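Trainee: According to the working numbering, the sequence shown holds residues 110 to 578 in order. Every residue gets a Cβ at the ideal spot worked out from N, C-alpha and C, and that includes glycine. What you are looking at is a predicted structure, and each value in this text was computed from that prediction instead of being measured. Dumping the structure here so I can ask a few things about it.
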Amino acid sequence: MPRGKSSSGGSLFYRRKHSWRRDELVSRSTLHLLDFDDGTPPEHAWRRKLSSHANRLKEFNVTFREAFKMMKLGLRLWSYVREEASQGRKAPIDPFTRESTKPSASQGVPLGGMGTGSISRGFRGEFKHWQITPGLCDMSPVMENQFSIFITREGGTKKYSSVLAPGQHDGLKKSSDDGISSWDWKLRGDRSTYHALFPRAWTVYDGEPDPELKLSCRQISPFIPHNYEESSLPVSVFVYTLVNTGKERAKVSLVMTWANSIGGLSHQSGGHVNEPFIGENGISGVLLHHKTANNNPPVTFAVAALENQNVDVTVLPIFGLSGESSVTAKEMWGTMVQGGCFDRDNFNAGPSMPSSVGDTVCAAVSASTWVEPHGRCTVVFSLAWSSPEVKFKKGSTYHRRYTKFYGTSPRSAINLAQDALMKYKHWEEEIDKWQTPILRDERFPEWYKITLFNELYFLVAGGTVWIVL
């Protein structure tokens, strides 16, 4: 989504007078190949190549005369900021503190429904802008949170592996040799494009990293008008559409990795536990129980994938970023390169030992399938998070609205992930019914249609809290 946010909440975005057409950025042949199971992005959407870089948003300065006129207001605001800080709180408006991470027009469609505590995903594929705890927002990406792909052509003569995000990022330079810098960050992004039409987004990989594989990732969240149950759910679904244009069968394994973190340095606080689970209807994955700092309510993530007769799901419940870990990020990657899956016995591992202070623990869920020559296949993942309590800094505690339907147990994340994988097609039908009449209305210019839907992101990512009264 073409925007960034300032601390005052103003929308800061850049756009052309007309958005790029699909066939300007994606070849028509690829669009035709992906035209099943909604793998093709819509005609009206905000688009960017993954190789593009967003400009930093410029700050404005005031003149001496303007500063003099606002002196009384500034003193009152400065006094308020100091009072909040003395009680351990951060003022919502603080012009005196320079943010370490400046906003940029690099965001994307956020994850989850309304009032759930949000996570955003940038158009280059990074998960960032963490706002699960009210009043706290961390803009920095958690680079361990990625989708990756491993491809072996029949006979083993051709192999491809890459994280499905461009690798030019400062966060990789800080990683140890056993960490995520050891992964294959081969995606250039000049043949991959992002398409945003809230509450969905499409990323099309047009022959990256395998020239003979066309790939579309569709991100779906349940933001549906007049549906006040499912629109409150903290879930998102990622549907991968695969098309093999080659002459050989291809074994394709997609992996979703996730750190036990809620942004910033929260992964280092210790006491975090991962455990595998096998749910209903062929759905399995890993629970990541996160112990939050400062007595904030805990958060439990569920990363899951859907297994069927064509797709096999395996998990690695825990891996770390250093050589002190029992399984490192480097070893996890090597396992996938060699075999394209994890050991099925990992489902019997049970809960891990709580993490130590300073350590980062992650999990991986793999979904593998064979795609026949000129064949097509669909692989589906879901992400859910159970954060039932909302605790404000002045002491009041409430339950989020989704708990009215799923209860307050941390393990409700499993049910949320399962229902998302079972219901996402119905959600898309309802989203289409809502959006199609407006998108087809010739009275409205293209930029208006795109902006009308995409600016609704703020109802999810603007710090909204929806509680049970």
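Let's see if you can read the secondary structure: which residues bound the alpha helix (DSSP H) around Trp-575?
Mentor: Looking up residue 575 in the sequence shown gives position 466. Premise fails: Trp-575 is in no alpha helix (DSSP H) and is neither H nor E.
Trainee: Would you decide whether Pro-318 is buried or exposed? Buried here means 16 or more other CB atoms lie within 10 Å of its CB.
Mentor: Walking along the sequence shown from the start, residue 318 turns up at place 209. The residue in question, Pro-318, is buried, as its Cβ has 16 or more Cβ neighbours within 10 Å.
Trainee: Should Arg-300 and Gly-288 be called a contact, given that it needs their Cβ atoms to be closer than 8 Å?
Mentor: In the sequence shown, residue 300 corresponds to position 191, counting from 1. In the sequence shown, residue 288 corresponds to position 179, counting from 1. Cβ atoms of Arg-300 and Gly-288: not closer than 8 Å.
Trainee: Can you check whether the CB of Ala-473 is closer than 8 Å to the CB of Met-441?
Mentor: Position 332 of the sequence shown, counted from the start, is the residue given in the question as residue 441. Position 364 of the sequence shown, counted from the start, is the residue given in the question as residue 473. Closer than 8 Å, so yes.
Trainee: What are the residues that DSSP puts in a beta bridge with Pro-385?
Mentor: For this step, residue 385 is matched to residue 276 along the sequence shown. Paired residues: Val-395.
Trainee: So, for Gly-119: in the same chain, excluding its five sequence neighbours on each side, which residues have a beta-carbon less than 8 Å away from its beta-carbon?
Mentor: Counted from its first residue, the sequence shown places residue 119 at position 10. Legend: pLDDT at Gly-119 = 38, less than 50; position of this residue unreliable, no value from coordinates given.
Trainee: Whose C-beta lies closer than 7 Å to the C-beta of Trp-575 among residues of the same chain, with five residues either side of it excluded?
Mentor: Here residue 575 refers to the residue found at position 466 of the sequence shown. For Trp-575, where only same-chain residues beyond five positions count, the Cβ hits under 7 Å are Met-223, Gly-224, Ser-341, Arg-509, Arg-510.
Trainee: Can you give me the C-alpha to C-alpha distance between Gly-276 and Trp-294, rounded to a whole angstrom?
Mentor: For the purposes of this step, residue 276 is taken as residue 167 along the sequence shown, with counting starting at 1. For the purposes of this step, residue 294 is taken as residue 185 along the sequence shown, with counting starting at 1. One C-alpha to the other measures close to 5 Å.
Trainee: For Tyr-566, which of helix, strand or coil comes out of DSSP?
Mentor: The residue labelled residue 566 in the question sits at position 457 within the sequence shown. Here Tyr-566 sits in helix by DSSP.
Trainee: Which term fits Ser-195, buried or exposed, when burial requires 16 or more other beta carbons within 10 angstroms of its beta carbon?
Mentor: Taking the sequence shown and counting its residues from 1, one reaches residue 195 at position 86. It is exposed - the Cβ of Ser-195 has fewer than 16 other Cβ atoms within 10 Å.
Trainee: Is it true that the CB of Tyr-507 sits closer than 8 Å to the CB of Val-577?
Mentor: Here residue 577 refers to the residue found at position 468 when the sequence shown is read from its first residue. Here residue 507 refers to the residue found at position 398 when the sequence shown is read from its first residue. In this structure, Tyr-507 lies closer than 8 Å to Val-577 by Cβ.
Trainee: In the DSSP assignment, what residue or residues form a beta bridge with Val-581?
Mentor: One cannot answer for residue 581 here, as it falls past the ends of the chain, which runs 110 to 578.
Trainee: Do you know how far the Cα of Phe-205 is from the Cα of Ser-435?
Mentor: Against the sequence shown, residue 435 aligns to sequence position 326. Against the sequence shown, residue 205 aligns to sequence position 96. Ser-435 and Phe-205: Cα-Cα distance of roughly 45 Å.
Trainee: Report the residue from Thr-172, Leu-296, Lys-178, Asp-541 whose alpha carbon sits nearest the alpha carbon of Ser-160.
Mentor: As a position in the sequence shown, residue 160 is number 51, starting the count at 1. Comparing Cα-Cα distances from Ser-160 to each of Thr-172, Leu-296, Lys-178, Asp-541, the minimum goes to Leu-296.
Trainee: Starting from Trp-543, follow the alpha helix (DSSP H) in both directions and report where the run begins and ends.
Mentor: For the purposes of this step, residue 543 is taken as residue 434 along the sequence shown, with counting starting at 1. Taken as a continuous stretch (DSSP letters only), the alpha helix (DSSP H) holding Trp-543 covers 521-548.
Trainee: Quick check: the region 443-454 against the region 369-385, are there 3 or more CB pairs under 8 Å?
Mentor: As far as the Cβ criterion goes, the region 443-454 does not touch the region 369-385, which means the pair count is below three.
Trainee: Counting C-beta neighbours from all protein chains within 10 Å, is the total for Val-171 16 or more, i.e. buried, or is it exposed?
Mentor: Taking the sequence shown and counting its residues from 1, the one referred to as residue 171 is at position 62. By the 10 Å Cβ count, Val-171 comes out exposed.
Trainee: Buried or exposed for Ala-176, going by 16 or more other Cβ atoms inside 10 Å?
Mentor: Here residue 176 refers to the residue found at position 67 when the sequence shown is read from its first residue. Exposed, since its Cβ has fewer than 16 Cβ neighbours within 10 Å.
Trainee: Out of Val-361, Gly-572, Lys-439, Gln-328, which one is the CA nearest neighbour of Phe-232?
Mentor: Taking the first residue of the sequence shown as position 1, residue 232 is located at position 123. It is Gln-328.
Trainee: For Lys-267, does the three-state DSSP call read helix, strand or coil?
Mentor: Counting from 1 along the sequence shown, the entry for residue 267 is found at position 158. It is coil, neither helix nor strand.
Trainee: What is the residue span of the alpha helix (DSSP H) that Trp-187 lies within?
Mentor: Along the sequence shown, read from residue 1 onward, the residue named residue 187 stands at position 78. Element bounds for Trp-187: 180-195.
Trainee: Is it true that the CB of Ile-540 sits closer than 8 Å to the CB of Lys-558?
Mentor: As a position in the sequence shown, residue 558 is number 449, starting the count at 1. As a position in the sequence shown, residue 540 is number 431, starting the count at 1. Cβ atoms of Lys-558 and Ile-540: not closer than 8 Å.
Trainee: Can you have a look at Leu-525 and say buried or exposed, based on whether 16 or more other CB atoms are within 10 angstroms of its CB?
Mentor: Taking the first residue of the sequence shown as 1, we reach residue 525 at position 416. Buried.
Trainee: Could you tell me whether the Cβ atoms of Thr-139 and Lys-323 are closer together than 8 Å?
Mentor: Locating residue 139 in the sequence shown gives position 30, where the first residue counts as 1. Locating residue 323 in the sequence shown gives position 214, where the first residue counts as 1. Result yes, Cβ atoms of Thr-139 and Lys-323 sit closer than 8 Å.
Trainee: Which residues bound the beta strand (DSSP E) around Tyr-515?
Mentor: Numbered from 1 along the sequence shown, position 406 holds the residue referred to as residue 515. Not the beta strand (DSSP E): Tyr-515 falls in the alpha helix (DSSP H), residues 512-515.
Trainee: For the alpha helix (DSSP H) that Asp-132 lies in, which residues bound it at each end?
Mentor: Taking the sequence shown and counting its residues from 1, one reaches residue 132 at position 23. From DSSP, the alpha helix (DSSP H) with Asp-132 extends over 131-134.
Trainee: Could you tell me if Glu-235 is buried or exposed, where buried requires 16 or more neighbouring beta carbons within 10 angstroms of its beta carbon?
Mentor: The sequence position of residue 235 within the sequence shown is 126, counting from 1. That one is buried.
Trainee: Spatial neighbours of Met-365 within its chain, please: C-beta separation below 6 Å, excluding the five flanking residues on both sides.
Mentor: Residue numbering aside, residue 365 sits at position 256 when the sequence shown is read from its first letter. So the qualifying residues of the chain are Phe-256, Val-412, Val-474, Phe-490.
Trainee: Quick one: grab the DSSP three-state call for Pro-497.
Mentor: Along the sequence shown, read from residue 1 onward, the residue named residue 497 stands at position 388. DSSP places Pro-497 in coil when its eight states are reduced to three.
Trainee: Taking only three categories from DSSP, how would you classify Arg-300?
Mentor: Translated into positions along the sequence shown, residue 300 becomes position 191. Coil.
Trainee: Cα separation between Pro-407 and Gly-373?
Mentor: Indexing the sequence shown from 1 puts residue 407 at position 298. Indexing the sequence shown from 1 puts residue 373 at position 264. Going from the Cα of Pro-407 to the Cα of Gly-373 covers about 16 Å.
Trainee: Return helix, strand or coil for Val-420, following the three-state DSSP convention.
Mentor: Here the question's residue 420 lines up with position 311 in the sequence shown. Strand, per DSSP.
Trainee: Counting only the same chain and skipping the five closest in sequence on each side, list residues whose C-beta sits under 7 Å from that of Tyr-269.
Mentor: For the purposes of this step, residue 269 is identified with residue 160 of the sequence shown, where counting begins at 1. Ile-260, Pro-318, Asp-319, listed in sequence order.
Trainee: Based on Cα-Cα distance, which residue from Thr-401, Pro-482, His-399, Leu-220 lies nearest to Ala-529?
Mentor: In the sequence shown, the residue the question calls residue 529 occupies position 420. Among Thr-401, Pro-482, His-399, Leu-220, the Cα nearest to that of Ala-529 is on Leu-220.
Trainee: Just to check my reading of the structure: Pro-343 and Trp-494 have Cβ atoms closer than 8 Å, yes? What is that Cβ distance to the nearest angstrom?
Mentor: Position 234 of the sequence shown, counted from the start, is the residue given in the question as residue 343. Position 385 of the sequence shown, counted from the start, is the residue given in the question as residue 494. Rounded, the Cβ-Cβ distance is 5 Å, consistent with contact.
Trainee: With distance defined between alpha-carbon atoms, name the residue in Gln-527, Leu-568, Glu-133 nearest to Asn-390.
Mentor: Within the sequence shown, residue 390 is the residue found at index 281, counting from 1. Among Gln-527, Leu-568, Glu-133, the Cα nearest to that of Asn-390 is on Gln-527.
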